[in-house]
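Below is one structure, written out as structure tokens; comments come after it.
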Amino acid sequence: MNQSFIILASASPRRARLLQQLGVSFIQEAARIDESVRPGESPEEHVARLSIAKCKKVITVRDDCTILGSDTVVVADNEILGKPQDQQDHARMLRSLSARTHRVCTGVTLMSRSASQTEVNISEVTMRSISAQEISRYWHTGEPCDKAGGYAIQGFGAAFISHIAGSYSGIMGLPVFETAQMLESFGHSVWNSEVSL
21 MNQSFIILAS ASPRRARLLQ QLGVSFIQEA ARIDESVRPG ESPEEHVARL SIAKCKKVIT
81 VRDDCTILGS DTVVVADNEI LGKPQDQQDH ARMLRSLSAR THRVCTGVTL MSRSASQTEV
141 NISEVTMRSI SAQEISRYWH TGEPCDKAGG YAIQGFGAAF ISHIAGSYSG IMGLPVFETA
201 QMLESFGHSV WNSEVSL
């Protein structure tokens with residue numbers, strides 16, 4: 021078993037809860053990076069690059085550990101939807117997702133000083149028709165303010181979702197299946213008996 025510890029390069033409580041489901045010990049360290057989309061960059065390339073950048077940001081400070089970085093975007097009509105800038109931007113996003121199927125791409129990177137592995141998880145989410153009044157009420161819950169695509173599948177936003185194909189946890193921001201496989205390949209045992217949930 022790997023003796024190095026794990027750092028989740030994120031301040032996200034959702035990602036922390038998902039990682040806790042794997043029963044591994046970890047600490048969180050926010051990795052503040054520029055999340056701008058580069059010209060010509062595909063959604064898959066974008067989330068992979070950002071998950072790597074988050075790991076690199078943390079590993080420069082801590083080299084005795086395994087870093088886990090993740091990034092998620094919502095994609096509609098080939099447009100990457102990040103976090104809404106304001107209420108108007110949020111309304112635009114949800115109108116573009118209403119009564120349609122969109123993709124959610126999550127990049128996950130595991131990095132140590134000697135190795136790195138990146139995976140991209142893609143899921144599809146179908147939303148029912150959402151009225152302007154519902155969009156406004158949803159904004160005022162405060163939930164969508166810091167969420168890619170302007171909604172949270174694990175919260176109030178679930179009421180808009182009629183179907184998903186893919187990884188529920190990936191849509192939340194950390195695909196548990198891929199993460200478990202990667203941790204095992206780095207020598208970290210999931211569901212370690214020394215860790216309680």
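Once you know that position 106 of the sequence shown is 126 in the numbering used here, the rest is easy, because the numbers rise by one and skip nothing.
C-beta: ideal position from N, C-alpha, C; glycine also.
No experiment lies behind these values; they were computed from the predicted model shown.
- No Cβ-Cβ contact shorter than 7 Å links His122 with Gly170.
- In the structure shown, Ser118 falls within a coil segment according to DSSP collapsed to helix, strand and coil.
- Under the three-state reduction of DSSP output, Thr199 falls in the helix class.
- In the pairwise beta carbon analysis, the stretch 47 to 59 is classified as not touching the stretch 182 to 201: fewer than three pairs are separated by under 8 Å.
- By the Cβ test, the stretch 79 to 93 is not in contact with the stretch 150 to 162, since fewer than three Cβ pairs between them sit closer than 8 Å.
- Residue environment: Ala178 is assigned as exposed (fewer than 16 neighbouring CB atoms within 10 Å of its CB, all protein chains considered).
- At a Cβ-Cβ threshold of 7 Å, Cys125 and Pro195 do not count as neighbours.
- Residue environment for Pro164: buried (at least 16 other C-beta atoms within 10 angstroms of its C-beta).
- Under the DSSP definition of a beta bridge, Leu194 lacks any partner.
- About 6 Å separates the beta carbons of Val57 and His66, which is inside the 8 Å limit, making them a contact pair.
- Annotation for Ala152: no beta strand (DSSP E) segment contains it, though the alpha helix (DSSP H) segment containing it runs 152 to 159.
- Among the bridge pairs identified by DSSP, Val145 is matched with His122, Ile184.
- Here Gly162 carries a coil assignment [DSSP, helix/strand/coil].
- Ser90 sits close to Arg35, with the two beta carbons spaced by under 7 Å.
- In the three-state reduction of the DSSP assignment, Gly127 falls in the strand class, which pools E and B.
- Residues Ser71, Ile72, Cys75, Gly89, Thr138 of the same chain have their beta carbon placed closer than 6 Å to that of Thr129, with the five preceding and five following residues left out of the count.
- Inter-residue distance for Ala172 and Phe25 is about 30 Å (C-alpha atoms, whole angstroms).
- Ile72: not part of any beta strand (DSSP E); member of the alpha helix (DSSP H) spanning 63 to 79, first to last residue.
- 7 Å or more divides the Cβ of Ala51 from the Cβ of Ala68.
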